[in-house]
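Peer 1: Take this structure first; my questions come after.
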Amino acid sequence: MLQYIARRLLWGVALLFIVSALIFVLFSVLPTGDPAALRAGRQASPEQIETIRETLGLDRPTHEQFIDYMGDLILHADFGFSFENDTPVLDLILDALPATIFLVLGAVAVWLLVGVPTGIISAIKRRSALDRATMFTTLALISAPVFWLGLVALYLFSKEVGLVPIFPGAGTYQTASGPFEHAAALILPWLVLAAASAAIYARYVRSSLIDVMSEDYIRTARAKGLSERRVILRHGMRSAITPVVTLLGLDVGILIAGNAILTETVFNIPGVGRLVFDSIQRADLPMIQGLVLFGAFFIIFFNLLVDIAYAYLDPRVRYR
Amino acid sequence: MSLLEVSDLAVHFETEDGVVKAVDCVSFAVDRGQTLGIVGESGSGKSVANLTLLGLTRADNARISGDVTFEGRDLTALDADALRAVRGDDIAMIFQDPLSSLHPFYKVGDQLVEAVRVHREVSAAAARARATELLGLVGIPQPERRVEDYPHEFSGGMRQRAMIAMALVNEPKLLIADEPTTALDVTTQAQILTLIERLQSELHMAVILITHDLGVVAQTADEVAVMYAGRIVERGPVKTIFERPQHPYTWGLLRSIPRMNTPREDDLTPISGQPPSLINPPSGCSFHPRCPYVRPRHREVDPRLDAVPGDDGHEAACLLDPETRRRLWRELEGGHDPEQARATVGLGSSSE
Numbered sequence: 238m239l240q241y242i243a244r245r246l247l248w249g250v251a252l253l254f255i256v257s258a259l260i261f262v263l264f265s266v267l268p269t270g271d272p273a274a275l276r277a278g279r280q281a282s283p284e285q286i287e288t289i290r291e292t293l294g295l296d297r298p299t300h301e302q303f304i305d306y307m308g309d310l311i312l313h314a315d316f317g318f319s320f321e322n323d324t325p326v327l328d329l330i331l332d333a334l335p336a337t338i339f340l341v342l343g344a345v346a347v348w349l350l351v352g353v354p355t356g357i358i359s360a361i362k363r364r365s366a367l368d369r370a371t372m373f374t375t376l377a378l379i380s381a382p383v384f385w386l387g388l389v390a391l392y393l394f395s396k397e398v399g400l401v402p403i404f405p406g407a408g409t410y411q412t413a414s415g416p417f418e419h420a421a422a423l424i425l426p427w428l429v430l431a432a433a434s435a436a437i438y439a440r441y442v443r444s445s446l447i448d449v450m451s452e453d454y455i456r457t458a459r460a461k462g463l464s465e466r467r468v469i470l471r472h473g474m475r476s477a478i479t480p481v482v483t484l485l486g487l488d489v490g491i492l493i494a495g496n497a498i499l500t501e502t503v504f505n506i507p508g509v510g511r512l513v514f515d516s517i518q519r520a521d522l523p524m525i526q527g528l529v530l531f532g533a534f535f536i537i538f539f540n541l542l543v544d545i546a547y548a549y550l551d552p553r554v555r556y557r
Numbered sequence: 012m013s014l015l016e017v018s019d020l021a022v023h024f025e026t027e028d029g030v031v032k033a034v035d036c037v038s039f040a041v042d043r044g045q046t047l048g049i050v051g052e053s054g055s056g057k058s059v060a061n062l063t064l065l066g067l068t069r070a071d072n073a074r075i076s077g078d079v080t081f082e083g084r085d086l087t088a089l090d091a092d093a094l095r096a097v098r099g100d101d102i103a104m105i106f107q108d109p110l111s112s113l114h115p116f117y118k119v120g121d122q123l124v125e126a127v128r129v130h131r132e133v134s135a136a137a138a139r140a141r142a143t144e145l146l147g148l149v150g151i152p153q154p155e156r157r158v159e160d161y162p163h164e165f166s167g168g169m170r171q172r173a174m175i176a177m178a179l180v181n182e183p184k185l186l187i188a189d190e191p192t193t194a195l196d197v198t199t200q201a202q203i204l205t206l207i208e209r210l211q212s213e214l215h216m217a218v219i220l221i222t223h224d225l226g227v228v229a230q231t232a233d234e235v236a237v238m239y240a241g242r243i244v245e246r247g248p249v250k251t252i253f254e255r256p257q258h259p260y261t262w263g264l265l266r267s268i269p270r271m272n273t274p275r276e277d278d279l280t281p282i283s284g285q286p287p288s289l290i291n292p293p294s295g296c297s298f299h300p301r302c303p304y305v306r307p308r309h310r311e312v313d314p315r316l317d318a319v320p321g322d323d324g325h326e327a328a329c330l331l332d333p334e335t336r337r338r339l340w341r342e343l344e345g346g347h348d349p350e351q352a353r354a355t356v357g358l359g360s361s362s363e
């Protein structure tokens with residue numbers, strides 16, 4: 238097992254290296270805005286732009302830039318400086334991470350607490366009115382885009398502008414102080430970010446559990462005289478939850494990597510997604526590079542977690 | 012009064028395609044120390060009938076009628092909780108595929124412990140000791156070590172032994188074995204059957220052995236019931252069924268198993284045709300589309316399970332008269348094929 242993890246980690250590092258190289262190539266090939274011109278301002282002379290280009294090191298060939306970048310990264314854990322405000326990339330990302338992690342973990346808790354039980358009940362009461370209503374609602378939630386759902390939620394429920402002012406502080410994450418105020422500001426974002434996933438997980442758990450409940454070992458469990466509750470929760474869910482764990486690991490990795498961008502934008506949360514958005518707007522190469530590496534890191538990391546969890550959950554994998 | 016008496020059991024399922032009459036008018040009984048073999052093709056209703064005894068076919072679309080009397084109690088009248096208390100305690104069941112019938116994610120020992128503790132208020136340690144004891148009893152070597160194994164670490168035969176151990180852990184009065192050896196190789200089959208027989212006499216259990224394999228029945232059963240299209244078409248003591256079978260379907264089953272004493276060039280004769288639809292069963296005798304001895308009347312009249320005159324405990328559901336059937340079987344035993352037998356006995360052509 239340890240050997241397996243070590244091998245996976247090594248692969249992860251190699252993958253990160255390839256990802257960085259690809260970003261450099263993409264950046265030099267794609268017609269993004271000229272970062273030097275963007276920084277120089279509107280009325281800059283060509284000489285000024287050229288000076289800035291030299292300062293940023295953008296006048297040198299791409300492969301030299303790449304070697305420098307990787308050298309600093311590997312030898313000094315230095316991700317470079319943002320073109321925008323000369324702040325170390327690492328500091329900017331680390332500043333944005335807590336908000337994103339707080340947002341994502343809260344949303345994960347919400348969608349698991351809602352989605353999994355809903356899926357179980359729907360599977361047990363298959364084809365009932367309740368099941369049909371659930372399936373319809375989940376489909377609606379999956380179809381609702383986050384930016385739309387976010388605005389609707391704001392107009393309906395935020396204490397400041399909502400029709401039914403239940404949740405305070407939506408959109409005030411940046412100015413909040415202390416964990417409780419931050420949490421209060423995140424209630425609506427949590428719900429909005431969790432909505433589609435709760436629906437997807439409910440459907441996923443439902444179909445997974447329905448599959449498992451037709452297995453022979455479920456019949457055995459019933460023949461043993463176990464209560465239906467125990468048959469479903471101990472025997473059925475034990476198997477049905479395994480693919481859900483896989484999905485969860487990937488989802489969390491992707492969201493922390495910056496995919497919560499829409500929720501962060503609608504609710505004005507200074508997280509990784511916002512940083513990604515802003516950096517791309519400004520053609521801020523070091524920032525983009527750093528963010529992609531961070532994103533790739535989280536996705537690889539959670540993938541590894543999933544595999545380890547899988548080995549833990551399924552004894553047949555463990556011994557392979 | 013027998014330990015288990017089933018009378019006029021019917022299990023119908025309402026589906027989108029129509030009502031599936033999986034089991035119809037089935038009656039049988041079994042006593043402690045006795046083995047009842049239930050034989051039939053896939054879809055003949057043998058498994059459904061037995062799952063119904065345990066309430067495992069109860070569903071919104073299932074219509075169950077008839078009586079299932081176990082130790083004087085009608086199981087069909089019990090509510091789900093009362094029936095659950097019987098399952099795995101007084102009546103236990105083992106299934107065809109021992110790999111898919113054990114939960115892949117739990118240790119074998121834990122699955123046995125669970126079976127004990129759902130019915131008995133005992134400590135975890137006591138239940139564990141019992142699990143180990145039972146694994147030893149069913150012939151698993153080093154049981155104190157193997158309780159810690161997962162099902163995938165067991166061989167096929169060992170898994171079925173573990174299933175048997177799990178079924179017997181509460182010393183049931185009745186064991187229902189649904190095709191217990193079908194998924195196993197021949198040597199293992201024999202071992203498992205011997206094991207079931209041994210445990211039956213040690214625990215003085217009643218056993219219902221469901222199988223499509225007449226060889227298995229010959230080895231173990233006292234009584235045999237042959238099922239076809241959801242009904243019992245012939246029933247009797249095992250010796251009678253093998254020596255003097257009275258139903259053309261039973262003849263077909265007997266003629267489709269290889270025997271040491273028939274010449275190799277005598278090909279095995281499979282029963283022609285397909286099992287009938289349980290939604291739209293054939294008119295008259297449900298076996299008539301496949302029966303080589305069919306008479307016009309057989310397409311209209313539904314035969315009842317009647318006693319065979321002069322043969323104790325032997326019943327058959329066939330419209331041919333018993334004497335004709337006796338002569339037909341004698342011809343078949345003599346190595347003739349059904350066409351010849353039919354001609355010799357003097358049955359006219361089927362379209363007459």
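Residue numbers (our numbering), protein chains in the order written: chain L, 238 to 557; chain W, 12 to 363. C-beta atoms are modelled at their ideal positions from N, C-alpha and C, and glycine is treated no differently.
Please decide whether Arg363 (chain L) counts as near chain W, where near means a Cβ-Cβ distance under 8 Å.
Peer 2: Position 126 of the first sequence, counted from the first residue, corresponds to residue 363 (chain L). No, no contact with chain W.
Peer 1: For the region 532 to 554 of chain L, which residues have a CB atom closer than 9 Å to at least one CB atom of chain W, in sequence order?
Peer 2: The region 532 to 554 of chain L vs chain W, Cβ under 9 Å: Leu550, Asp551, Pro552, Arg553.
Peer 1: For Ser53 (chain W), name the three-state secondary structure that DSSP assigns.
Peer 2: What you label residue 53 (chain W) is simply residue 42 of the second sequence in a count that begins at 1. Three-state DSSP puts Ser53 (chain W) in coil, outside helix and strand.
Peer 1: Mind pulling the chain L residues with CB within less than 9 Å of Leu67 (chain W)?
Peer 2: In the second sequence, the residue the question calls residue 67 (chain W) occupies position 56. Going along chain L in sequence order, the residues near Leu67 (chain W) (Cβ under 9 Å) are Arg456, Arg459, Ala460.
Peer 1: Can you tell me whether DSSP reads Ile437 (chain L) as helix, strand or coil?
Peer 2: Within the first sequence, numbered from 1, the residue matching residue 437 (chain L) stands at position 200. Three-state result, Ile437 (chain L): helix.
Peer 1: State yes or no: is the C-beta of Ile311 (chain L) within less than 8 Å of the C-beta of Ile469 (chain L)?
Peer 2: Here residue 311 (chain L) refers to the residue found at position 74 when the first sequence is read from its first residue. Here residue 469 (chain L) refers to the residue found at position 232 when the first sequence is read from its first residue. It is not a contact, given that the beta carbons lie outside the stated cut-off.
Peer 1: Shorter than 8 Å from the beta carbon of Leu86 (chain W) to some beta carbon of chain L?
Peer 2: Here the question's residue 86 (chain W) lines up with position 75 in the second sequence. Not one chain L Cβ lies under 8 Å of Leu86 (chain W).
Peer 1: Please report whether the beta-carbon of Ser111 (chain W) lies at a distance below 8 Å from any beta-carbon of chain L.
Peer 2: If you number the second sequence from 1, residue 111 (chain W) lands on position 100. It does: the Cβ of Ser111 (chain W) has a partner Cβ on chain L nearer than 8 Å.
Peer 1: Within 10 angstroms of the Cβ of Asp366 (chain L), are there 16 or more other Cβ atoms? Answer buried if so, exposed if not.
Peer 2: Your numbering for residue 366 (chain L) matches position 129 in the first sequence. In the sequence under discussion, the amino acid at residue 366 (chain L) is Ala, which differs from the Asp named in the question. That one is exposed.
Peer 1: Could you tell me whether the Cβ of Pro287 (chain W) comes closer than 8 Å to any Cβ of chain L?
Peer 2: Residue numbering aside, residue 287 (chain W) sits at position 276 when the second sequence is read from its first letter. No, Pro287 (chain W) lies away from the interface with chain L (no Cβ there is under 8 Å from its Cβ).
Peer 1: Do Leu210 (chain W) and Ala173 (chain W) have their beta-carbon atoms positioned less than 8 Å apart in this structure?
Peer 2: Stepping through the second sequence from its first residue, residue 173 (chain W) is reached at position 162. Stepping through the second sequence from its first residue, residue 210 (chain W) is reached at position 199. Cβ atoms of Ala173 (chain W) and Leu210 (chain W): not closer than 8 Å.
Peer 1: Give me the DSSP bridge partner(s) of Lys32 (chain W).
Peer 2: Translated into positions along the second sequence, residue 32 (chain W) becomes position 21. In DSSP, Lys32 (chain W) forms a bridge with W:His23.
Peer 1: Would you verify that the beta carbon of Val129 (chain W) is, or is not, closer than 8 Å to some beta carbon of chain L?
Peer 2: Here residue 129 (chain W) refers to the residue found at position 118 of the second sequence. Answer yes: the Cβ-Cβ gap between Val129 (chain W) and chain L drops below 8 Å somewhere.
Peer 1: How is Glu234 (chain W) classed by DSSP in three states: helix, strand or coil?
Peer 2: Taking the second sequence and counting its residues from 1, the one referred to as residue 234 (chain W) is at position 223. Glu234 (chain W) falls in the strand class under three-state DSSP.
Peer 1: Report the rounded CA-to-CA distance for Ala497 (chain L) versus Phe320 (chain L), giving the unit in angstroms.
Peer 2: Start at 1 with the first residue of the first sequence, and residue 497 (chain L) comes out as number 260. Start at 1 with the first residue of the first sequence, and residue 320 (chain L) comes out as number 83. Computed Cα separation, rounded: 24 Å.
Peer 1: What is the DSSP secondary structure of Thr193 (chain W), counted as helix, strand or coil?
Peer 2: Mapped onto the second sequence, residue 193 (chain W) falls at position 182. DSSP places Thr193 (chain W) in coil when its eight states are reduced to three.
Peer 1: Is it buried or exposed, Ser58 (chain W), if we count other Cβ atoms within 10 angstroms and call 16 or more buried?
Peer 2: The residue labelled residue 58 (chain W) in the question sits at position 47 within the second sequence. Result: buried.
Peer 1: Might you give, ordered along the chain, the residues of its own chain that have their beta carbon closer than 6 Å to the beta carbon of Val389 (chain L), omitting 5 neighbours on each side?
Peer 2: For the purposes of this step, residue 389 (chain L) is taken as residue 152 along the first sequence, with counting starting at 1. Answer for Val389 (chain L): no residue qualifies.
Peer 1: If we require 4 or more residues per run, which alpha helix (DSSP H) segments fall completely within the region 320 to 396 of chain L?
Peer 2: Qualifying alpha helix (DSSP H) stretches, in chain order: 326 to 361, 366 to 380, 383 to 394.
Peer 1: Can you give me, in chain order, the residues of the region 147 to 174 of chain W that have a beta carbon less than 7 Å from any beta carbon in chain L?
Peer 2: Here the close residues are Tyr161, His163.
Peer 1: Would Ala96 (chain W) count as contacting chain L if we go by Cβ distances under 8 Å?
Peer 2: For the purposes of this step, residue 96 (chain W) is identified with residue 85 of the second sequence, where counting begins at 1. True, the Cβ-Cβ gap to chain L drops below 8 Å.
Peer 1: Quick one: list the residues of chain W neighbouring Ser464 (chain L), beta-carbon separation under 7 Å, in chain order.
Peer 2: Indexing the first sequence from 1 puts residue 464 (chain L) at position 227. Here the neighbours are Arg95.
Peer 1: Along the beta strand (DSSP E) that carries Ala73 (chain W), what are the first and last residues, could you check?
Peer 2: Here the question's residue 73 (chain W) lines up with position 62 in the second sequence. Ala73 (chain W) -> beta strand (DSSP E) spans 73 to 81.
Peer 1: Buried or exposed, going by whether 16 or more other CB atoms sit within 10 Å of the CB of Val554 (chain L)?
Peer 2: Indexing the first sequence from 1 puts residue 554 (chain L) at position 317. Val554 (chain L) should be labelled exposed.
Peer 1: Could you give the distance in angstroms between the alpha-carbon of Val228 (chain W) and the alpha-carbon of Val235 (chain W)?
Peer 2: Within the second sequence, numbered from 1, the residue matching residue 228 (chain W) stands at position 217. Within the second sequence, numbered from 1, the residue matching residue 235 (chain W) stands at position 224. Roughly 7 Å between the two C-alpha positions.
Peer 1: With 8 Å as the threshold, decide whether the Cβ of Arg369 (chain L) is near any Cβ in chain W.
Peer 2: If you number the first sequence from 1, residue 369 (chain L) lands on position 132. Arg369 (chain L) does not count as touching chain W.
Peer 1: Counting only the same chain and skipping the five closest in sequence on each side, list residues whose C-beta sits under 6 Å from that of Ala103 (chain W).
Peer 2: If you number the second sequence from 1, residue 103 (chain W) lands on position 92. For Ala103 (chain W), where only same-chain residues beyond five positions count, the Cβ hits under 6 Å are Ala178, Pro183, Leu186.
Peer 1: Residues in the same chain with beta-carbon distance under 8 Å from Ala421 (chain L), minus the five sequence neighbours each way, listed in chain order, please.
Peer 2: For this step, residue 421 (chain L) is matched to residue 184 along the first sequence. So the qualifying residues of the chain are Phe404, Pro405, Gly406, Ala413.
Peer 1: Is it buried or exposed, Arg443 (chain L), if we count other Cβ atoms within 10 angstroms and call 16 or more buried?
Peer 2: Position 206 of the first sequence holds residue 443 (chain L). Flag for Arg443 (chain L) reads buried.
Peer 1: Are Tyr356 (chain W) and Leu339 (chain W) closer than 8 Å when you measure CB to CB?
Peer 2: For the purposes of this step, residue 356 (chain W) is taken as the residue at position 345 of the second sequence. For the purposes of this step, residue 339 (chain W) is taken as the residue at position 328 of the second sequence. The amino acid occupying residue 356 (chain W) in the given sequence is Val; Tyr does not appear at that position. Yes, Cβ-Cβ distance for Val356 (chain W) and Leu339 (chain W) is below 8 Å.
Peer 1: For Asp71 (chain W) and Gln411 (chain L), I'd like the C-alpha separation in whole angstroms.
Peer 2: For the purposes of this step, residue 71 (chain W) is identified with residue 60 of the second sequence, where counting begins at 1. For the purposes of this step, residue 411 (chain L) is identified with residue 174 of the first sequence, where counting begins at 1. So the alpha carbons of these two residues sit roughly 55 Å apart.
Peer 1: Does Thr479 (chain L) come out as helix, strand or coil in the three-state DSSP assignment?
Peer 2: Taking the first sequence and counting its residues from 1, one reaches residue 479 (chain L) at position 242. Reduced to three states, the DSSP call for Thr479 (chain L) is helix.
Peer 1: Glu81 (chain W) CB to nearest chain L CB: under 8 Å?
Peer 2: Position 70 of the second sequence, counted from the first residue, corresponds to residue 81 (chain W). Here residue 81 (chain W) is Phe; the residue named in the question, Glu, does not match the sequence. Phe81 (chain W) does not count as touching chain L.
Peer 1: Whole angstroms is fine: what's the gap from Tyr547 (chain L)'s alpha carbon to Gly486 (chain L)'s?
Peer 2: Start at 1 with the first residue of the first sequence, and residue 547 (chain L) comes out as number 310. Start at 1 with the first residue of the first sequence, and residue 486 (chain L) comes out as number 249. When rounded, the distance between both Cα atoms is 11 Å.
Peer 1: Taking the beta strand (DSSP E) that Leu499 (chain L) belongs to, which residues open and close that run?
Peer 2: Mapped onto the first sequence, residue 499 (chain L) falls at position 262. Counting along the chain, Leu499 (chain L) falls outside any beta strand (DSSP E), though it belongs to the alpha helix (DSSP H) covering 498 to 503.
Peer 1: Using 8 Å as the limit for Cβ to Cβ distance, is Ala126 (chain W) near chain L?
Peer 2: In the second sequence, residue 126 (chain W) corresponds to position 115, counting from 1. Cβ-Cβ to chain L under 8 Å: yes for Ala126 (chain W).
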